[in-house]
Amino acid sequence: MKFLSWICFALMLASCTSGGKGPDKGVSFALPDLSGIYPYVENSAYSTQLKSCANISTGAASCQLSKLPLIGMEFDQPTVEQIMQRVLVSHDWMGLRFQEYLNEAPPEILTLFKATSAIVIASNIRPSFFLSYSGAIYLDSYFFWLNNEEKATVTKSSDYRSSFGQYLPFKLRTRNLINNEFAYTYPSLNGNEERPLEDIIISTSRVILHELAHANDCVQTQNMVNISDDQSYYSLLNSQKSDGQCAYQKLTDFSPLNSDIWKSLGRVLFHGFEETADQISMSPRSAGETFGADDALDFYSYSTEREDTAISFEVLMLKKLFNVDLDVYVVPSYTVDSCDIQVSWGERGRLAKPSVYARAEFVSDMMFPGMDLDTLYQSLPATFDIPEGSSSCTRDFSQTASAAMKVMKSEPFYPYEEIPIL
Ligand SMILES: [Zn+2]
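To convert, take the position in the sequence shown, counting from 1, and add 923; that gives my numbering.
Here it is in structure tokens:
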């Protein structure tokens, strides 16, 4: 509680709007101090206004699109070089690495950058986020380090939501796998481990796809020639919203999430509201089954309709571009994490459920029209129920029962750590 109170105090000082912690208030995200960022490419077309348009904290400060257009208002198929001209960093290595990442990234991701105005990578950003005032995405530099020197500049502060839901009797977990192996790992910032570029491609694509989904939510890239530059980005967003043009609005009309139990858990887990007595007495299994009966892909879908939309796109695109399958599972609360922690409820590949896929397809069709999503759907492996009581370390369930027991004992333990997004 002490830590959480400190966070609330800090947030009140920083934003004067969150109102602190309480059953009716929750805790809001405070923007990081980005006064130290600078354009990575000097003397590019927008380098003089890039920072003043990205480092803002109100809608009133939103730049006119004539001053800083969205990338797609200028380029129909932006190149790595054109995207790099919109990059702001706190340290040079972050710009270099982002460029190296873009050179390896699938072309679909370059196209999705059309809906952004700038990309900010800074040592003190956590979690990564999209800002509706600027149209920029702000990325945690954790995703980009390769060596110890770079790692030493990345913040070690935890996500502001890390203690939310601490009195619930269960914890939620997700993991992204390819053929039963981790699609990526998140090495500790305290260790000496270094990593090659190829190790960060999928984890970085995940966070970028997520933040780009927010950018593409209300401003979709196929309509960009019609956008007037005689308005601020924030006005554009608001007029799209009042016209009901945002993907999250259309998704909510098309297929809303229905679980009131999970909407209420979402307020606790992602917005810092206090747990209710009912929530504290809910069994881990029942929490999981209730989740499973609705159509969300991930627990985080219950944060907001916008997050639900972004997750739907992120999960489908990770499957399409990298063959990643998402596991979602619930475990009882614990104090020390280990392979002895047993799964209370879990599913692999919820994307294959028809009603779940329909939502992801709906959103993805809007954000990236023209993809062959029928073929993707036909190729999905059926959703798999992770057996109740299996070790939380077990990833390969294809063994016979006795072999699976052996696998359980020998699976390596990785400390569970999720680098969060907003
Ligand atoms: Zn998000």
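Each residue gets a CB set at the ideal place from its N, CA and C atoms; glycine is no exception.
Considering N1139, what are the terminal residues of the alpha helix (DSSP H) in which it resides? I1124 to C1141
Can you tell me where the beta strand (DSSP E) holding V1253 begins and where it ends? D1248 to P1255
By C-beta, the residues closer than 6 Å to any heavy atom of ligand 1, given in chain order: H1133, H1137, E1230, A1233, I1344 and L1345
Buried versus exposed, by CB contacts within 10 Å (16 or more), G959: A residue is called buried when at least 16 other Cβ atoms come within 10 angstroms of its Cβ; G959 does not meet this threshold and is exposed.
L1011 vs K974 beta-carbon contact at 8 Å: Yes. Within cutoff.
Would you check if the segment 1171-1184 and the segment 1221-1231 touch, i.e. whether three or more CB-CB distances between them fall below 8 Å? yes
Start-to-end residues for the alpha helix (DSSP H) that takes in G1018: D1015 to E1027
Quick one: using the 10 Å Cβ neighbour count with 16 as the cut-off for buried, is S1057 buried or exposed? In this structure S1057 is buried. Its beta-carbon is surrounded by 16 or more other beta-carbon atoms within 10 angstroms.
What is the residue span of the beta strand (DSSP E) that A1045 lies within? Residues I1042 to A1045.
When DSSP labels each residue in this structure, what does Q1301 get in the three-state scheme? It is helical.
Between the CA atoms of A1028 and P992 - distance to the nearest angstrom: Their backbone Cα atoms lie some 23 Å apart in a straight line.
Can you tell me which of P1335, L1239, Y1252 and D1217 puts its alpha carbon nearest to the alpha carbon of S1278? D1217
Determine, using beta carbons only, whether K1094 comes closer than 8 Å to chain D. The question asks about chain D, but that chain is absent: this structure has only one protein chain.
By the 10 Å Cβ neighbour count, where 16 or more other Cβ atoms means buried, how is K1074 classified, buried or exposed? With 16 or more other Cβ atoms from the protein chains shown falling within 10 Å of its own Cβ, K1074 counts as buried.
Compute the Euclidean distance between the alpha carbons of L1296 and E1072, then round it to the nearest angstrom. 42 Å
Assigned secondary structure, S970 (DSSP; H/G/I helix, E/B strand, else coil): coil
Examine the Cβ distances between the segment 1205-1215 and the segment 1228-1237 and report whether three or more of them are shorter than 8 Å. no
Find out if the Cβ-Cβ distance for the pair M1290, Q1172 is shorter than 8 Å. no
Inter-residue CB distance, V1191 and G1088 (contact presumed, cutoff 8 Å): 5 Å
Straight-line gap, P1338 to L1095 (C-alpha atoms, nearest Å): So the alpha carbons of these two residues sit roughly 14 Å apart.
CA-to-CA distance, S985 to Q1168, given in whole angstroms: 20 Å
Based on the DSSP secondary-structure assignment, which residues constitute the bridge partners of W1268? V1253
Secondary structure at T1175, three-state DSSP: helix, strand or coil? helix
Would you call the segment 1096-1111 and the segment 1246-1266 in contact, with 3 or more CB pairs under 8 Å? yes
Does the separation of the CB atoms of R1282 and S1235 fall below 8 Å? Closer than 8 Å, so yes.
Can you check DSSP and say which residues form a bridge with S1155? Q987
Would you mind stating whether I1150 and L1159 have Cβ atoms separated by less than 8 Å? yes
Below 6 Å CB to CB, which residues in the same chain sit around R1020 once its five sequence neighbours on both sides are set aside? By the criterion of a C-beta distance shorter than 6 Å, R1020 is surrounded in its chain by F1067, once the five residues flanking it on both sides are discounted.
Report the residue from Y1156, N1102, A1305 and D999 whose alpha carbon sits nearest the alpha carbon of V1148. D999
For the alpha helix (DSSP H) that D1231 lies in, which residues bound it at each end? Where D1231 is concerned, the enclosing alpha helix (DSSP H) stretches over E1228 to F1245.
Can you list, in chain order, the residues of its chain whose CB lies under 6 Å from that of I1344, leaving out five sequence neighbours each side? P1050, S1051, V1130 and H1133
Where are the alpha helix (DSSP H) runs, 4 residues long or more, that stay fully inside the segment 1049-1114, in chain order? Fully enclosed alpha helix (DSSP H) runs of 4 or longer: 1071-1074.
By how many angstroms is the C-alpha of M1017 removed from the C-alpha of Y969? 19 Å
Inspect the beta-carbon positions of V1077 and L957 and report whether they are closer than 8 Å. No, these two residues do not count as a Cβ contact at 8 Å.
For I1101 and Q1322, I'd like the C-alpha separation in whole angstroms. 17 Å
Between the Cα of F1307 and the Cα atoms of F1285, E1284 and R1273, which residue gives the shortest distance? R1273
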